[in-house]
Amino acid sequence: MPIRAKLLVLLLVIALPPLLAIAWFDQQAARRLGIELSERARTLLQARATEEMLLTVRNTAHLLQSRQDVLEISVRLQARGVERVLRDVLPPEAESVTVATSGGSETERGRLAALAPYVARLRLDLAEPVLWHRVVLDSGAHAVFPAPPDGIGAPPEWWPRLRDAADRSWVGPLSDPATGRQVMVIGEVVRDREGRTIGVTSVEIPVSAVLEAAQQQIPGQAAPALVMADAQGLRVLAASETALLENADETVLQAVLADMTAGNAGVRRLDVGGQDSIWAYHPIDGGVYLLSTLSFAAVTAEAMETEVFLAERIENLQMVAWGAVALFIPLLVVLAVLASRHVTLPIAQLNDAARRLMAGDFEARTNIRSGDELQALGRLFNIMVPQLRERMHMRDSLALAQGVQQNLLPARPPRVQGFDVAGQSIYCDETGGDYYDWFELGPRRLAVAVGDVSGHGIAAALLMTTVRALLHARRPEAGRLAEQLEAINRQLVTDAHAGRFMTLFMTVLDDETRSIHWVGAGHEPALLYDPLTQRFREVDGPDIPLGVDMDWHYTELSSSGWAEGTVLLLGTDGVRETRSPGGEMFGRDRLQDVLRRNAGKPAQDILDSILAALRDFRAKGVPSDDVTLVVVKAAGGAG
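Numbering (the working numbering), first residue to last: 1 to 639.
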């Protein structure tokens, strides 16, 4: 089957099912969107309604509390007025109100009746729907302002409760015997000149008046109520809806009761008589709460209207979408035919050029002019082929350079009596700048060199080979090491590229005299380990690297007296600076510990132990620097 036909079928198979699926999913998504928008609208409206209800109830409760504070001030003034009257200090005259008195002496009743103008002024200033102003004295004197139409009667049963209070106190709600209305009573004790309690004066407020004041502050469809939570449960003091607690959700009702018992404000959603409602409540004082109720249906009415509107709009959009799909399918078939024809020709050209390249023809090119990504791919192919040829040549050259450099390093340990020697270089790239070498100067004399060129790669490898050639041209001799390195340094400064230099540690060991001569040209200090004392000594030099300063004079140092089994360890900074996956360096202490534990083994085993420790420390990390180690062990200490 031709690729053109395959591509045509593929395009249709790829395009048609997704198109139909998209149309179907779009339909479902539109429906879900409508539902989600409606739900979101309900949620937002509920949140806004509950927030506004709680805010309104709180503000209204604060307003009622302020009016209550005014009443408390009024009853305090009233108490002071009673005290002044009883102390023969008459209040200023004002328009009077009627008064009813009973009990006590005639003098007390007269004095209490004289309060009528004062009480009239209080009532005028209060502008509150006060039902009665009352005074009850311990002597039995009893006065009510204004006078009840049916007479004063006996003092109310609650007055001893107010008298026993320390100062002002609220009681209620109570049923007023004269009117039968529910009232809240605020009272304050009356004292004589010596400060002794002699009675009580009070102001009695109709609960319905408080509810009417709340109704003025709670607009809309919310219904206010005054309730009280006590040991008997939730009691309705006054409500605009009489069936407030009938068949209410008991679980939520208990939660509301718990909030009110704890003195907390809140908002709850509950079922009352089959009607979903929202309650917002806030304390006023004395266990009395202002409660505002609102039907949940009233809150979500706007969301329901939005849901109906969205359903109609979505249905219209779906009809339009399916019509567009029916018109688009024939057009899609035509486009698939044209696209398959347009695409297959450039693909054939790329296929032919790739086959020629696979056969080794690096002159293969394409000439695609499709004006799309295939043309760009053809252009990249034409650029890639010469670069691929260059990379293959570079890979072959690097492999050759790697082989040449490895051949420049010692192939076997030196055969010098009195020394057991092992060495190895591990490069992080194909080629590197680390170098080690040894020279057999006699039956019992050995020279060892370890160097490190700055940087990596081909440039470092070329400088390393140059130094090796210069060292082999001047075989190192004790007493002439400084002179030989000065000659090599001058040559490097003359020939090396600016910024390139090499550190080098050159040493000559003599088994007959048990002496060591060395020059440290800016290189890592060597480690000399004495197994008898188990002590380490750093063998270092004061000089700078080769290739930096043509006029530098190097210093040859020497030491003698090592014992059999002594180990000399030379290496590059890649050993000490090997890093763990966490970024910690291997360091000199770990190196000394590995050397101490393996000092009794042959030189090759010591070398292998150190390299294994480096691999374990690095874990799966990639080496970031070349690593070179040479181990020289005095004969007689090998295992």
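Heads up, the beta-carbon is just placed ideally off N, CA and C, and yes, glycines get one too.
Note that the coordinates shown come from a computational prediction; the quantities given were computed from them, not determined experimentally.
(message) I believe H517 touches A478 by the beta-carbon criterion, under 8 Å. Please report the beta-carbon distance rounded to the nearest angstrom.
(response) Stepping through the sequence shown from its first residue, residue 517 is reached at position 517. Stepping through the sequence shown from its first residue, residue 478 is reached at position 478. Rounded to whole angstroms, the Cβ separation of H517 and A478 is 4 Å, and the two are in contact under 8 Å.
(request) Look at the Cβ atom of A100, then the Cβ atom of V130, and state whether they are nearer than 7 Å. (result) As a first step, residue 100 is located in the sequence shown; it is residue number 100 there, counting from the start. As a first step, residue 130 is located in the sequence shown; it is residue number 130 there, counting from the start. Taking C-beta atoms as the reference points, A100 and V130 fail to come closer than 7 Å.
(request) Starting from the C-beta of D161, find all residues in its chain whose C-beta is less than 7 Å away, skip the five residues before and the five after it, and write them out in chain order. (result) Position 161 of the sequence shown, counted from the start, is the residue given in the question as residue 161. In the sequence as presented, Asp is not what sits at residue 161; that position holds Arg. Only V171 meet the Cβ criterion.
(request) Please name the residue or residues paired with K633 in a DSSP beta bridge. (result) As a position in the sequence shown, residue 633 is number 633, starting the count at 1. DSSP output for K633 lists D420, V567 as bridge partner(s).
(message) So for T494, helix, strand or coil by DSSP?
(response) Translated into positions along the sequence shown, residue 494 becomes position 494. Look at T494 here: in three-state DSSP terms it is helix.
(request) Between the Cα of G266 and those of G587, T56, I488, S624, spot the shortest distance and give me the residue it belongs to. (result) Taking the first residue of the sequence shown as 1, we reach residue 266 at position 266. From the listed residues G587, T56, I488, S624, the smallest Cα separation to G266 is found for T56.
(message) On a Cα-Cα basis, can you pick out the residue from N264, V272, L591, A262 that is closest to V252?
(response) The count along the sequence shown starts at 1 and reaches residue 252 at position 252. A check of alpha carbon separations from V252 across N264, V272, L591, A262 identifies V272 as the nearest.
(request) Kindly list the residues whose CB is nearer than 7 Å to the CB of I73, restricted to its own chain and excluding five residues on each side of it in sequence; keep chain order. (result) Position 73 of the sequence shown, counted from the first residue, corresponds to residue 73. Once the five neighbours on either side are set aside, I73 has no close Cβ partner at all.
(message) Buried or exposed for W24, going by 16 or more other Cβ atoms inside 10 Å?
(response) For this step, residue 24 is matched to residue 24 along the sequence shown. Around the Cβ of W24, a 10 Å sphere holds fewer than 16 other Cβ atoms; the residue is exposed.
(request) Counting only the same chain and skipping the five closest in sequence on each side, list residues whose C-beta sits under 8 Å from that of R590. (result) On the sequence shown, residue 590 is found 590 positions in, with the first residue counted as 1. Excluding its 5 nearest sequence neighbours in each direction, R590 has C-beta neighbours in its own chain below 8 Å: A613, F617, listed in chain order.
(request) Express the C-alpha separation of P206 and G180 in angstroms, rounding to a whole number. (result) Working through the sequence shown from its first residue, we reach residue 180 at position 180. Working through the sequence shown from its first residue, we reach residue 206 at position 206. Counting only the Cα atoms, P206 lies some 10 Å from G180.
(message) Looking at the secondary structure, which residues open and close the beta strand (DSSP E) in which T503 lies?
(response) One-based indexing of the sequence shown puts residue 503 at position 503. Element bounds for T503: 502-510.
(request) Just tell me which of T366, Q387, V236 has its CA closest to the CA of G378. (result) For this step, residue 378 is matched to residue 378 along the sequence shown. Taking only the C-alpha atoms, the option nearest G378 is T366.
(message) Taking the straight line between their C-alpha atoms, what separation do you get for L234 and I284?
(response) Here residue 234 refers to the residue found at position 234 of the sequence shown. Here residue 284 refers to the residue found at position 284 of the sequence shown. Cα-Cα distance, rounded: 15 Å.
(request) Compute the Euclidean distance between the alpha carbons of I218 and L20, then round it to the nearest angstrom. (result) Position 218 of the sequence shown holds residue 218. Position 20 of the sequence shown holds residue 20. Looking at the two C-alpha atoms, the distance is approximately 54 Å.
(request) State the DSSP-derived secondary structure class of V450, mapped to helix, strand or coil. (result) Within the sequence shown, numbered from 1, the residue matching residue 450 stands at position 450. Three-state DSSP puts V450 in a strand.
(message) Just to confirm before moving on: does the CB-CB distance between V632 and I426 stay below 7 Å?
(response) Numbered from 1 along the sequence shown, position 632 holds the residue referred to as residue 632. Numbered from 1 along the sequence shown, position 426 holds the residue referred to as residue 426. I426 is positioned such that its CB atom lies no closer than 7 Å to that of V632.
(message) Just to confirm before moving on: does the CB-CB distance between L485 and Y436 stay below 7 Å?
(response) Translated into positions along the sequence shown, residue 485 becomes position 485. Translated into positions along the sequence shown, residue 436 becomes position 436. No; because the gap between Cβ atoms is not below 7 Å, this pair is not in contact.
(request) Could you please give me the residues that DSSP links to H517 through a beta bridge? (result) Looking up residue 517 in the sequence shown gives position 517. According to DSSP, H517 bridges with V508, S558.
(message) Which of the three DSSP states is assigned to F381 in this structure?
(response) Residue 381 sits at position 381 when you count from the first residue of the sequence shown. Correct three-state label for F381: helix.
(request) Report the residue from V508, R588, L388 whose alpha carbon sits nearest the alpha carbon of D573. (result) Locating residue 573 in the sequence shown gives position 573, where the first residue counts as 1. The residue with the shortest Cα to Cα distance from D573 is R588.
(request) Specify whether the segment 99-119 and the segment 135-155 touch according to this definition: at least 3 beta carbon pairs, one from each stretch, less than 8 Å apart. (result) Touching, yes, given that three or more Cβ pairs across the two stretches are closer than 8 Å.
(request) Could you work out which residue in A521, Q534, D551 is closest to L557 when comparing CA atoms only? (result) Position 557 of the sequence shown holds residue 557. The shortest C-alpha separation from L557 is found at A521.
(message) Applying the 10 Å Cβ sphere with the 16-neighbour rule, what's the burial state of H472?
(response) Within the sequence shown, numbered from 1, the residue matching residue 472 stands at position 472. Around the beta carbon of H472, a 10 Å sphere encloses fewer than 16 other beta carbons of the protein chains shown; the residue is thus reported as exposed.
(request) Give every residue of the same chain whose Cβ lies closer than 6 Å to the Cβ of R269, excluding the five residues on either side of it in the sequence, and list them in chain order. (result) Sequence index remark: in the sequence shown, residue 269 carries index 269 (1-based). Same-chain partners within the cutoff: I278.
(message) Using beta carbons (cut-off 7 Å, strictly below), is L570 in contact with chain C?
(response) The structure shown contains no chain C; it is built from a single protein chain.
(request) Buried or exposed for W351, please, with buried defined as at least 16 other CB atoms from any protein chain shown within 10 angstroms of its CB. (result) As a first step, residue 351 is located in the sequence shown; it is residue number 351 there, counting from the start. The residue you asked about is not Trp; residue 351 is Asn in the sequence shown. The residue is exposed, with fewer than 16 neighbouring Cβ atoms inside 10 Å.
(request) For the beta strand (DSSP E) holding W158, just list the boundary residues, first then last. (result) The sequence position of residue 158 within the sequence shown is 158, counting from 1. W158 -> no beta strand (DSSP E), and no H or E assigned at all.
(request) Would you kindly report the start and end of the unbroken beta strand (DSSP E) that includes I198? (result) The residue given as residue 198 occupies position 198 in the sequence shown. It spans 197-206 - the beta strand (DSSP E) in which I198 sits, taken as one unbroken run.
(request) Measure how close the beta-carbons of A225 and A209 come, nearest whole angstrom, since I'm counting them as under 8 Å. (result) Indexing the sequence shown from 1 puts residue 225 at position 225. Indexing the sequence shown from 1 puts residue 209 at position 209. 14 Å between Cβ atoms; not a contact.
(request) Using a threshold of 7 Å, state whether the C-beta atoms of P414 and W438 are closer than that. (result) Counting from 1 along the sequence shown, the entry for residue 414 is found at position 414. Counting from 1 along the sequence shown, the entry for residue 438 is found at position 438. Taking the C-beta atoms as reference points, W438 is found nearer than 7 Å to P414.
(message) Let's test the definition: count the other Cβ atoms within 10 Å of the Cβ of F501 and tell me whether it reaches 16, buried, or not, exposed.
(response) Your numbering for residue 501 matches position 501 in the sequence shown. So F501 counts as buried.
(message) Please report the distance separating the alpha-carbon of V385 from that of E373.
(response) As a first step, residue 385 is located in the sequence shown; it is residue number 385 there, counting from the start. As a first step, residue 373 is located in the sequence shown; it is residue number 373 there, counting from the start. If you take the alpha carbons of V385 and E373, they lie about 18 Å apart.
(request) Could you give the DSSP three-state label for D530: helix, strand or coil? (result) If you number the sequence shown from 1, residue 530 lands on position 530. If DSSP states are grouped into helix, strand and coil, D530 belongs with the strands.
(request) Would you kindly report the start and end of the unbroken alpha helix (DSSP H) that includes Y118? (result) Numbered from its first residue, the sequence shown carries residue 118 at position 118. According to the DSSP assignment, Y118 belongs to the alpha helix (DSSP H) that extends over 116-126.
(request) Starting from the Cα of P531, find the closest Cα among D276, L595, A147 and give me that residue. (result) Along the sequence shown, read from residue 1 onward, the residue named residue 531 stands at position 531. For the residues D276, L595, A147, the minimum Cα distance to P531 belongs to L595.
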